[in-house]
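In terms of full-length UniProt numbering, the sequence shown opens at residue 1 and continues consecutively.
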Amino acid sequence: MSRYDEAKAQYAAIGVDVEKALQTLQNVRISMHCWQGDDVLGYDSKELTGGIATTGNYPGRARTPDELMADIRKAYSLIPGKHKLNLHASYMITDETVDRDAIEPRHYQAWLDFAKQEGIGLDFNPTFFSHPKAADTLTLAHPDKAIRDFWIEHGKRSRKVAEFFGRELGITALNNVWVPDGLKDVPADRIGMRERLKDSLDQIFAEKIDRKYMADAVEGKVFGIGVESFTVGSHEFYTNYAAHHDMICLLDTGHYHPTEVVSDKISSYALFNKQLALHVSRPVRWDSDHVIKLDDELKELAKELVNCKVLDRTFIGLDFFDASINRICAWVVGMRNMQKALLLALLTPFDTLKQAQDAKDYTTLLADFENFKTLPFGDIWAHFCEVNNVPGDQEWFAIVREYERDVLSKRC
Ligand code: RNT
Ligand code: ZN
1 MSRYDEAKAQ YAAIGVDVEK ALQTLQNVRI SMHCWQGDDV LGYDSKELTG GIATTGNYPG
61 RARTPDELMA DIRKAYSLIP GKHKLNLHAS YMITDETVDR DAIEPRHYQA WLDFAKQEGI
121 GLDFNPTFFS HPKAADTLTL AHPDKAIRDF WIEHGKRSRK VAEFFGRELG ITALNNVWVP
181 DGLKDVPADR IGMRERLKDS LDQIFAEKID RKYMADAVEG KVFGIGVESF TVGSHEFYTN
241 YAAHHDMICL LDTGHYHPTE VVSDKISSYA LFNKQLALHV SRPVRWDSDH VIKLDDELKE
301 LAKELVNCKV LDRTFIGLDF FDASINRICA WVVGMRNMQK ALLLALLTPF DTLKQAQDAK
361 DYTTLLADFE NFKTLPFGDI WAHFCEVNNV PGDQEWFAIV REYERDVLSK RC
C-alpha cells in the first residue's frame with residue numbers, strides 16, 4: 001500500500017472522503033499578487049507611498065514586466081493547480097506615458113496575453129498610492145475636488161479594465177478598491193471626510209457592470225504609516241457601504257486590531273453576502289504584511305471557509321510583501337500554505353464535530369481537534385503535488401535556489 005493509500009484509509013476511518021477533498025481543492029483558484037515580485041513598485045512610479053511599506057533589499061527584485069512575468073511563471077511551476085494573478089493598475093505595460101486617469105484595457109493587453117498562455121484568471125486593483133496626486137495620503141476623500149475627480153476617473157477606468165479581463169478570460173475578475181486616505185493626528189471633522197469618500201465611491205460605482213465579468217470590492221483598514229490616527233475607509237465604513245450597494249467588503253487579515261481575527265468574521269459575512277473576498281496576509285504586531293505561514297489563524301480561516309461552505313463564492317487573494325527574502329520563495333510558501341490550510345480544513349469531519357458541539361460534548365471536541373493534528377496530512381499533500389506535477393515540500397526550494405543563482409543574482 002502506498003503512503004497515500006494508507007493515509008486515505010486513516011482519514012476514511014474518521015469519515016473523511018480524501019478524493020472529494022482533493023477535487024474541491026483542485027478547483028480553488030487563489031489570486032497571487034503580482035506586487036510581491038517587485039516590492040509594490042509597479043511601472044509608473046519610483047517609490048511606494050500610501051502608508052504601506054516594504055523593508056529589506058534582498059537582491060533579485062523583478063525590474064521589468066518581462067522579469068516579473070518570468071518570476072511569476074517560475075512560482076506557478078512550483079504551485080499545484082491553476083490560479084489567478086492579482087494586478088494593480090500601476091503595472092500597466094505600454095510605451096505611452098499614461099497617467100492613472102487615462103488607463104484603458106489596452107494598456108494591460110500584455111497581462112491578458114500572459115494569463116491566456118498560463119491558463120489563469122486575473123483580478124485588478126486601482127492604484128490610489130505611489131503618485132504625486134496622492135502624496136498627502138488623500139485621494140477620494142481629498143478636500144480638493146480636482147484631486148478627487150482625478151481619482152474618481154481612475155476608479156471608473158479600473159472597473160473597465162477588470163471587466164475586460166473577466167469578459168476575455170471567462171473568469172470573473174475582482175476589482176478591489178483600497179484607498180490610503182487618513183490623517184496622522186486626530187481629525188476635527190471625521191464625517192466630512194467620510195461624506196466625500198462616500199460620494200466619490202458613488203460616482204465610481206454608478207455604472208452597472210455585469211457581475212459575471214467583474215465583481216466590485218472595497219477594502220477597509222485600521223491605520224497606515226503616517227496616518228495613524230484616522231482612516232477614512234474604516235471597517236465600519238466599508239461594511240455599511242458594501243451592504244448598501246450589494247458589493248463585496250474585502251477583508252484583509254492584517255487590517256484589524258491585534259486580537260481581532262478575520263476567521264471569526266467569515267460566518268457573519270457568509271450569512272449576509274452573495275460573495276466574500278479576502279486578502280490573506282500575516283500581521284506581526286501591526287499590518288506588517290509578512291508572508292503567510294501555516295499558523296493557527298490561517299488554519300482557522302480556511303476552516304471557516306470550508307465549514308461555512310463559501311469556498312465557491314469567495315475571492316481568495318494573498319497580500320504580503322517582504323523585500324528581505326527571495327520573492328519567489330515568498331510567493332511559493334504563501335500560495336502553498338493557503339492551499340495546505342484549505343486541504344487541512346477539507347480533511348476535517350465537520351458533521352461529526354458539529355454533533356459533538358450541539359450535544360455540548362466539549363470533551364470530545366477538544367480531544368478530536370487535537371488528535372486530528374497528527375493524522376498523515378503530509379502524505380495527502382504530497383500526493384496532491386505529485387498529481388499536479390509539481391515538486392513536493394522537500395524539493396521545490398532547491399529549484400528556487402537554482403533560479404536565484406542562474407537568473408535573480410544577475411539582476412544588479
Ligand atoms: C494596504 C492594502 C492593500 C495593498 C495592496 C497593494 O494596506 O492591504 O490591499 O496592500 O493593494
Ligand atoms: Zn490588502
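Beta carbons are placed, not taken as given, at the ideal position from N, Cα and C, and that holds for glycine.
Could you tell me which residues DSSP puts in a beta bridge with residue i?
{"i": "R157", "result": "DSSP lists no partner for R157."}
{"i": "R282", "result": "H290"}
{"i": "residue 418", "result": "Residue 418 lies beyond the residue range present for the chain, which begins at 1 and ends at 412; the question has no answer from this structure."}
{"i": "H33", "result": "N86"}
{"i": "V186", "result": "Answer by DSSP bridge pairing: none, since V186 is not bridged."}
{"i": "G224", "result": "V227"}
Quick one: give me the first and last residue of the beta strand (DSSP E) that residue i is part of.
{"i": "S268", "result": "Unbroken run through S268 is the alpha helix (DSSP H), 266-272; no beta strand (DSSP E)."}
{"i": "N125", "result": "121-125"}
{"i": "L85", "result": "84-88"}
Who are the near neighbours of residue i in its chain, counting only those whose CB is closer than 7 Å to its CB and skipping five residues on each side?
{"i": "K265", "result": "L251"}
{"i": "F321", "result": "W35, Q36, D39, V40, T54, D289"}
{"i": "G42", "result": "H88, S90, Y91, T127, S130"}
{"i": "L183", "result": "V227, S229, F230"}
{"i": "Q26", "result": "G81"}
How is residue i classed by DSSP in three states: helix, strand or coil?
{"i": "D71", "result": "helix"}
{"i": "S77", "result": "coil"}
{"i": "D252", "result": "strand"}
{"i": "I316", "result": "strand"}
{"i": "T259", "result": "coil"}
{"i": "A277", "result": "strand"}
{"i": "F128", "result": "coil"}
{"i": "T24", "result": "helix"}
{"i": "T231", "result": "strand"}
{"i": "G60", "result": "coil"}
{"i": "G170", "result": "coil"}
{"i": "C329", "result": "helix"}
{"i": "L48", "result": "coil"}
{"i": "E300", "result": "helix"}
{"i": "S409", "result": "helix"}
{"i": "L41", "result": "coil"}
{"i": "M92", "result": "coil"}
{"i": "S200", "result": "helix"}
{"i": "R211", "result": "coil"}
{"i": "D99", "result": "coil"}
{"i": "A341", "result": "helix"}
{"i": "V390", "result": "coil"}
{"i": "V18", "result": "helix"}
{"i": "P143", "result": "coil"}
{"i": "E104", "result": "coil"}
{"i": "H305", "result": "It is Leu, not His, that sits at residue 305 in the sequence shown. Correct three-state label for L305: helix."}
{"i": "M247", "result": "coil"}
Excluding the 5 residues preceding and the 5 following residue i in the sequence, name in chain order all residues of the same chain whose CB lies nearer than 8 Å to its CB.
{"i": "A115", "result": "L85, G121, L122, F165, L169"}
{"i": "G50", "result": "F128, F129, S130, A134, T137, P180, G224"}
{"i": "V222", "result": "T231, S234, H235, H255, Y256, H257, D287"}
Count the other CB atoms, across all protein chains shown, that sit within 10 Å of the CB of residue i; report buried if there are 16 or more and exposed otherwise.
{"i": "T137", "result": "buried"}
{"i": "P126", "result": "buried"}
{"i": "residue 434", "result": "The structure shown has nothing for residue 434, since the chain only spans 1 to 412."}
{"i": "F315", "result": "buried"}
{"i": "L78", "result": "buried"}
{"i": "V284", "result": "exposed"}
{"i": "M1", "result": "exposed"}
{"i": "V232", "result": "buried"}
Assuming residue i is part of the alpha helix (DSSP H), what are its boundary residues?
{"i": "H383", "result": "377-387"}
{"i": "I399", "result": "396-406"}
{"i": "R3", "result": "3-13"}
{"i": "T137", "result": "Taken as a continuous stretch (DSSP letters only), T137 belongs to no alpha helix (DSSP H), as it is neither H nor E."}
{"i": "A367", "result": "362-372"}
{"i": "F350", "result": "350-358"}
{"i": "H113", "result": "As written in the sequence, residue 113 is Asp, which differs from the His given in the question. Segment 109-118, the alpha helix (DSSP H) holding D113."}
In chain order, what residues of the same chain lie with their CB nearer than 6 Å to the CB of residue i, ignoring the 5 residues before and after it?
{"i": "N307", "result": "F350"}
{"i": "D101", "result": "F150, E153, H154"}
{"i": "N176", "result": "N125, A217, E219, L250"}
{"i": "I14", "result": "P349"}
{"i": "A330", "result": "Q36, V291, D322"}
{"i": "G317", "result": "S31, N86, H279"}
{"i": "I93", "result": "P65, A110"}
{"i": "A345", "result": "A302, K303, V306"}
{"i": "A270", "result": "C308, V310"}
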